[in-house]
Amino acid sequence: GETKVRNPEDLSAETMAKDVGSVVEALYGDLPPPIMLIGHSMGGAIAVHTAVANLLPSLLGLCMIDVVEGTAMDALNSMQNFLRSRPKTFKSLENAIEWSVKSGQIRNLESARVSMVGQVKQCEEAASPECPKAIVEGIIEEEEEEDEDEEGGGSVNKRKKEDDTETKKEHLYTWRIELAKTEKYWDGWFRGLSNLFLSCPTPKLLLLAGVDRLDKDLTIGQMQGKFQMQVLPQCGHAVHEDAPDKVAEAVATFLIRHRFTEPIGGFQ
1255 GETKVRNPED
1265 LSAETMAKDV
1275 GSVVEALYGD
1285 LPPPIMLIGH
1295 SMGGAIAVHT
1305 AVANLLPSLL
1315 GLCMIDVVEG
1325 TAMDALNSMQ
1335 NFLRSRPKTF
1345 KSLENAIEWS
1355 VKSGQIRNLE
1365 SARVSMVGQV
1375 KQCEEAASPE
1385 CPKAIVEGII
1395 EEEEEEDEDE
1405 EGGGSVNKRK
1415 KEDDTETKKE
1425 HLYTWRIELA
1435 KTEKYWDGWF
1445 RGLSNLFLSC
1455 PTPKLLLLAG
1465 VDRLDKDLTI
1475 GQMQGKFQMQ
1485 VLPQCGHAVH
1495 EDAPDKVAEA
1505 VATFLIRHRF
1515 TEPIGGFQ
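Sequential numbering from 1255 applies to the sequence shown in my numbering.
Here it is in C-alpha cells:
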C-alpha cells in the first residue's frame, strides 16, 4: 500500500494492463515462469486486456471471475448511484470491514478482514478532499461544547480534547481509489470484453455466481467449447471471497485438466 505512481488518475485499461506486464518483468526479468492470470470483476477485464496485448509471453491460462460484458455495461448506468450510497469515510479499519459484510459486498468475514484493508487508506489531512471537512469540524464542535460544560481546569481539559481530536483525525479512513472520478474509463474496461476474452489463444476459465450473467457472445462461445465455465451458486459478486475453497478447487481442476500441473496425492 506504500506504492506511489506518477499519475494515479490514469486508470485506463491500457495503462493497467501495462502495469501488470511491468510488475512481472520487474520480478522475473526476461525469463518469467509459466503464468496463469486470474482476475475478478474489473480485474478480470484487465487480465483479458493484458493477455490480448501479449504483455506476458509466458502466459499459459486465463481466468475471469464473475465479469461479463453485457452485465457490466448494464451496471455502469447505476454505478454513480451505488458509489454515492457508500460511506465516504470510516472511523477505523474494523468499521470498514464491518460495513463490507453488513452491506453484503462480501459474505465472508474472514476474507473481508484481508481484502478491505487494501481498499481504504488513512486520511492524510483532516480536511483533505477524501476526508470531508464537515466531519472533522463536527468532531471539533462536539469537543468544544464539552469543554464549555466543564468548570475549572478548562485549559487543561481543552488541550486534552484537542489531543483526542487529533487522534480521531488521524484514524479516519477513506477509499483508496475515488471510483466516481474514473467514470471516463469505465466503458473502455468492459466494452468488447466478451469477444476479447474469446479471442485469447490460451485456455480460458470463467467462474460465475449465476448462469444468468452470461451474455449472448459468451453463451455462443460456451456452447462451442471455446472456454470452460463453472457456476458457483450461493455466492455474491465476490465469488473468490465468499467461497475461496470452491474457487481454488475449480482453478486446480482447470490446471490439471490442461496438464499445467500434476495433482498431489489425494486430489480428486
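Note that beta-carbon positions come from the ideal geometry of N, C-alpha and C, so glycine has one too.
These numbers come from a predicted model, not from an experiment.
Query: Cβ-Cβ distance between A1463 and L1486 below 8 angstroms; Result: yes
Query: Residue environment, V1277, which counts as buried when at least 16 other CB atoms sit within 10 Å; Result: exposed
Query: Whole-Å CB distance - F1451 paired with M1327, under 8 angstroms assumed; Result: Contact doesn't hold; Cβ gap of about 14 angstroms is too wide.
Query: Those residues which DSSP pairs with Q1482 across a bridge; Result: L1459
Query: Assigned exposure category for K1458 - 16 Cβ within 10 Å defines buried; Result: buried
Query: Residues near Y1516 in its chain [Cβ-Cβ closer than 8 angstroms; skip 5 each side]; Result: Residue identity differs from the one stated: residue 1516 is Glu in this sequence, not Tyr. Same-chain partners within the cutoff: I1510.
Query: In DSSP terms, what L1316 is bridged to; Result: L1291, K1458
Query: Chain-order list of residues whose beta-carbon lies under 8 angstroms from that of V1302 (same chain, five-residue window excluded); Result: G1293, L1316, M1318, L1447, L1450, F1451, C1454
Query: Counterpart residues of Q1376 in DSSP-defined beta bridges; Result: Y1427
Query: Identified DSSP bridge partners for T1343; Result: T1428
Query: Integer-rounded CB distance, given that F1508 should sit under 8 angstroms from Q1482; Result: 6 angstroms
Query: CB contact flag (G1273, S1295, <8 angstroms); Result: According to the sequence provided, residue 1273 is Asp. The question's Gly does not apply to it. It is not a contact, given that the beta carbons lie outside the stated cut-off.
Query: Reference K1438, options T1257, M1370, D1264, R1260, closest by Cα; Result: D1264
Query: Any 3 or more C-beta pairs closer than 8 angstroms across the region 1344-1353 and the region 1484-1502; Result: no
Query: As assigned by DSSP and simplified to three states, the class of K1258; Result: coil
Query: Between the CA atoms of V1355 and G1363 - distance to the nearest angstrom; Result: Here the sequence assigns Leu to residue 1363, which means Gly is not the residue at that position. L1363 and V1355: Cα-Cα distance of roughly 6 angstroms.
Query: Buried/exposed call for Y1427, threshold 16 Cβ in 10 Å; Result: buried
Query: When T1269, K1258, R1260, P1262 are compared against G1442, the one with the closest alpha-carbon; Result: T1269
Query: Residue burial classification, K1323 (beta-carbon count within 10 angstroms, cutoff 16); Result: Checking the sequence shown, residue 1323 turns out to be Glu, not Lys. Looking at its Cβ environment, which holds 16 or more other Cβ atoms inside 10 Å, E1323 is buried.
Query: Spatial neighbours of W1440 in its chain, beta-carbon cut-off 6 angstroms, leaving aside the 5 residues before and after; Result: L1330
Query: Reference T1436; option with closest CA among R1467, Q1334, L1281, I1518; Result: Q1334
Query: The alpha helix (DSSP H) enclosing M1270, as first and last residue numbers; Result: 1267-1282
Query: Span separating the alpha-carbon of Q1376 from that of I1360; Result: 21 angstroms
Query: Cut-off 7 angstroms between Cβ atoms - residues of its own chain near L1358, not counting five sequence neighbours on either side; Result: Rather than Leu, the amino acid found at residue 1358 in this sequence is Gly. Cβ neighbours of G1358 beyond the five flanking positions: G1490.
Query: Sequence-distant residues of the same chain with beta carbon closer than 7 angstroms to S1312, five excluded per side; Result: P1286, P1287, P1288, I1289
Query: Proximity of A1305 and L1291 at Cβ, strictly below 8 angstroms; Result: yes
Query: Local Cβ density within 10 Å of V1505, reported as buried at 16 or more and exposed below that; Result: buried
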